[in-house]
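Undergrad: Take this structure, written in structure tokens, and hold onto it; I'll ask about it next.
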Amino acid sequence: MVLQLYLQGLLISFLLMLVLSLIYALAYLVRNQDKSRTVIRNRIFDLILINLLTIPVLSFAFLGILVILKTRAL
């Protein structure tokens with residue numbers, strides 16, 4: 002049960018970070034079209050690293066929320 006809830010939290014956090022990262026990356030690309038390709042590539046790599054560090058932390062947060070909702074049967 003806990004593993005199932007963790008995997009659900011992992012999926013939710015992955016999708017949330019994917020949407021937020023895409024919005025941020027597109028906004029950055031639109032605002033900074035004059036930057037070189039290496040600067041833009043480095044920003045995208047930074048974004049990927051931030052996602053790799055943030056997704057597991059958010060999955061535990063969503064796990065806590067899902068456990069509370071499951072115990073209250075909502």
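The sequence shown begins at 2 in the working numbering and counts up one residue at a time. Using N, Cα and C, we set each Cβ at its ideal position, and we do this for glycine too.
Would you kindly work out how many angstroms separate the C-alpha atoms of Ile56 and Arg42, rounded to a whole number?
TA: C-alpha separation (whole angstroms): 21 Å.
Undergrad: So, with DSSP's three-state summary, where would you put Ala62?
TA: Three-state DSSP puts Ala62 in a helix.
Undergrad: Can you tell me which of the three DSSP states Arg1 falls into?
TA: Nothing can be reported for residue 1, as the shown portion of the chain is limited to 2 through 75.
Undergrad: Over what stretch of residues does the alpha helix (DSSP H) that includes Gln120 continue unbroken?
TA: In the structure as shown, the chain starts at 2 and stops at 75, and residue 120 therefore has no counterpart that could be examined.
Undergrad: Under 8 Å between the Cβ atoms of Leu6 and Leu64?
TA: A contact, by the Cβ cut-off of 8 Å.
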